[in-house]
Amino acid sequence: MGCKENWIHLNILSTEDSWDLFIKTAGTDLDSTEFEAVAREVAGEYQGLPLALVTVARALDDKDEEEWKKAARRLKRSVSPNPDHQEKVTECIKLSYDFLKDREARACFLMCCLFPEDHHISKEVLARDGMGLRLFHNVDTLDEARGDANTFTKNLIDSGLLLKCDEDGFVKMHDVVRDTTKLISSSGDEELFNFMAQAGSALEEWPRHDTHFESYTAVSNLNNQEILKVTGNSIKEVFYFEGLPEGRHYLELLKELRLDNLSQLASIWKGPA
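In terms of the working numbering, the sequence shown opens at residue -14 and continues consecutively.
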């Protein structure tokens, strides 16, 4: 099950190739528009970086001149005086995320960072979790949730935030996008959802009185836990992912799991054996 990754590499492009990629991705003949100058300004900020160019071009594709000018100002102010390539790409991803109009699409996007790196993400799992965590609104049946998941993932692919896989029903998130998404998802800026991915790197016990941890909706990838104490928090789901590498199991060291007073916990999900 391969994924289409024809634009995700971070190879450096020439100025001319950068502009050609930018206008091709934007889907508009920017050379003939009244805001070519600002478009070239935006592209110039990220010339040579395919991932950044594609992400920002898709985010601004249907925007008017004022939105382009606003984006140009934001991208200039949001990075340090001498930003590295990673910082520039990160800001472009954040810009694209902020341009997502549908809050449920944002939730679907953030859920994707809960899956392991290079994971082929099932739309069926996104539909079930989106419905189970009440992140998809006005959804009463699983079929309706599946329809929403398909719509949201298509929009995210069109925005350059997710990648298609060759096999129907699966998507993938580029590693650089995933790293940025993890920062967004754990920031607490979203009112109704707050995720933590790869939580197990140094966590031996869940802090009861830490308000930062109490705000999380879901956690994932607790692969080195011996004791996991989740007490009095608002966690609704603990993810256990399918399709793990042979011979390695998440939570394989877990000896004790304490789930006291978790009135909002809906499920501890385990994929098919």
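Ideal Cβ placement from N, Cα and C applies to all residues, glycine included.
Judging by CA-CA distance, which residue of the options is the nearest neighbour of residue i?
i, options, result
"Thr126", "Asn135, Met116 and Leu120", "Met116"
"Pro101", "Thr166, Tyr31 and Thr0", "Thr166"
"Leu118", "Glu72, Arg59, Asp160 and Met96", "Met96"
"Lys54", "Asp128, Thr0 and Glu26", "Glu26"
"Asp143", "Leu99, Ala130, Arg163 and Leu85", "Leu85"
"His70", "Leu168, Asp83, Asp49 and Leu34", "Leu34"
"Ile169", "Lys157, Ala24, Asp83 and Tyr31", "Asp83"
"Asp47", "Asp103, Asp128 and Ala24", "Ala24"
"Val161", "Tyr31, Asp103, Glu50 and Asp49", "Asp103"
"Cys150", "Leu(-2), Val124, Leu120 and Lys108", "Lys108"
How about residue i and residue j: do their beta carbons lie closer than 7 Å?
i, j, result
"Val39", "Thr75", "no"
"Arg148", "Leu141", "Note that residue 148 corresponds to Leu in the displayed sequence, not to Arg. Their beta carbons are not under 7 Å apart, which means Leu148 does not touch Leu141 by this criterion."
"Phe155", "His105", "yes"
"Phe7", "Ala22", "no"
"Gly163", "Cys98", "Contrary to the premise, residue 163 reads as Arg rather than Gly in this sequence. Their beta carbons are under 7 Å apart, which means Arg163 touches Cys98 by this criterion."
"Lys61", "Ala37", "no"
"Cys93", "Leu80", "no"
"Leu45", "Ala57", "no"
"Gly132", "Arg43", "no"
Can you look up residue i in the DSSP assignment and give me helix, strand or coil?
i, result
"Val23", "helix"
"Ser3", "helix"
"Val124", "coil"
"Lys157", "strand"
"Leu34", "coil"
"Lys149", "strand"
"Ser107", "strand"
"Leu(-2)", "coil"
"Arg163", "helix"
"Ser144", "coil"
"His194", "Since pLDDT at His194 reaches only 43, below the 50 mark, its modelled position is unreliable, and the value read off the structure follows with that caveat. DSSP places His194 in coil when its eight states are reduced to three."
"Arg91", "helix"
"Arg113", "helix"
"Arg43", "helix"
"Glu76", "helix"
"Asp133", "helix"
"Leu168", "helix"
From which residue to which residue does the alpha helix (DSSP H) around residue i run?
i, result
"Lys55", "Glu50 to Arg62"
"Cys98", "Run containing Cys98: none; DSSP gives neither H nor E here."
"Leu85", "Note, Leu85: premise wrong, no alpha helix (DSSP H); not H, not E."
message: Counting beta carbon pairs with one atom in the region 88 to 97 and one in the region 128 to 146, are three or more of them shorter than 8 Å?
response: yes
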